[in-house]
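Here the structure is laid out as structure tokens; the discussion comes afterwards.
Number of protein chains: 2
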Amino acid sequence: MVSSTDVNGTAVYSPSGDQLGEIDHLMIDKQSGQIAYAVMTFGGFLGIGSDEHPLPWKKLSFDTGLAGFVTDVTQEQLTGAPQRSEGWFDDRDYARRNYDYYGVSPYWI
Amino acid sequence: MVSSTDVNGTAVYSPSGDQLGEIDHLMIDKQSGQIAYAVMTFGGFLGIGSDEHPLPWKKLSFDTGLAGFVTDVTQEQLTGAPQRSEGWFDDRDYARRNYDYYGVSPYWI
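Here the protein sequences line up with chains A and B, keeping their order. Per the working numbering, the first sequence starts with residue 1, numbered consecutively. Per the working numbering, the second sequence starts with residue 1001, numbered consecutively.
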């Protein structure tokens, strides 16, 4: 188990230990209580100019030693991810494109 | 969808609109990305002396008007809930007792 207080602002690393960015917040499916996306940010300064990149939760694993998340998603993959629609977090079509892009089976089925 | 940033510290109300307490944090099942518990606190002063009460996520619904959660769980139910074991959040037996007590079907099946 991991506490939500240990998630917001937590660093995300590549498998080789380079910091890619951090988790800004999680988007939670209200009905099911399932985490739909971990929203990652990188670049920018103090959060200004940094873009948000929603990732399926299953692309992240928590590394207790690093006290952070590890992902095999690359920065190129993040920047090349499907464009977010307006209201993306409630858009099932966007969810399909996102999960398909990252090769994760849908959480909603 | 609801953001994790809108959850930590968010008030919890009874169906009649009385504030019962607040959500301190969520406990997330790492593998599945499922929220196992919303940990509620009430009483105490500035969090000191307040006790933590883990609730199944499905006992809460988010009320946009109140900008808070609503639950039909009473304060008596919260205080009468099964005792938490040490390391309760990783204890499946405790999870069974807790979910059974609140009448919620297990998230892990």
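Even for Gly, the Cβ is constructed at its ideal location relative to N, Cα and C. These numbers come from a predicted model, not from an experiment.
Beta-carbon contacts of A/G66 that lie in its chain and below 7 Å, excluding the five residues immediately before and after: Against the first sequence, residue 66 of chain A aligns to sequence position 66. Position check: residue 66 of chain A holds Leu in this sequence, whereas Gly was assumed. So the qualifying residues of the chain are Y13.
Identity of the residue in A/P106, A/D93 and A/Y102 nearest A/L78 by Cα: For the purposes of this step, residue 78 of chain A is taken as the residue at position 78 of the first sequence. With distances taken between Cα atoms, A/L78 lies closest to A/Y102.
Please decide whether B/F1069 counts as near chain A, where near means a Cβ-Cβ distance under 7 Å. The residue you call residue 1069 of chain B lines up with position 69 of the second sequence. Contacts with chain A at 7 Å (Cβ-Cβ) do not include B/F1069.
Close beta carbons around A/Q19, own chain, < 6 Å, minus the five adjacent residues each side: Stepping through the first sequence from its first residue, residue 19 of chain A is reached at position 19. For A/Q19, where only same-chain residues beyond five positions count, the Cβ hits under 6 Å are A11 and Y13.
Is A/A11 helix, strand or coil when you go by DSSP? Stepping through the first sequence from its first residue, residue 11 of chain A is reached at position 11. Of the three classes helix, strand and coil, the one that applies to A/A11 here is strand, per DSSP.
When the Cα atoms are used, what is the spatial distance from A/I104 to B/S1004? One-based indexing of the first sequence puts residue 104 of chain A at position 104. One-based indexing of the second sequence puts residue 1004 of chain B at position 4. At residue 104 of chain A the sequence reads Val, which differs from the Ile that was named. Their backbone Cα atoms lie some 21 Å apart in a straight line.
Indicate the three-state DSSP secondary structure (helix, strand or coil) for B/S1061 in the structure shown. One-based indexing of the second sequence puts residue 1061 of chain B at position 61. In this structure, B/S1061 counts as strand in the three-state DSSP scheme.
Tell me whether B/E1076 sits in a helix, a strand or coil according to DSSP, three-state version. Counting from one through the second sequence, the residue named residue 1076 of chain B turns up at place 76. Three-state DSSP puts B/E1076 in a helix.
If contact means a Cβ-Cβ distance below 9 Å, which residues of the region 1001-1019 of chain B contact chain A? M1001, V1002, S1003, S1004, T1005, D1006, V1007 and N1008
Judging by CA-CA distance, which residue of A/Y99, A/D91, A/G87 and A/R92 is the nearest neighbour of A/A81? In the first sequence, the residue the question calls residue 81 of chain A occupies position 81. Considering only alpha carbons, the answer is A/Y99.
Identify the contact partners of A/G21 in chain B, using a Cβ-Cβ distance below 9 Å as the criterion. For the purposes of this step, residue 21 of chain A is identified with residue 21 of the first sequence, where counting begins at 1. Within chain B, no residue comes near A/G21; the closest Cβ sits about 16 Å away, beyond 9 Å.
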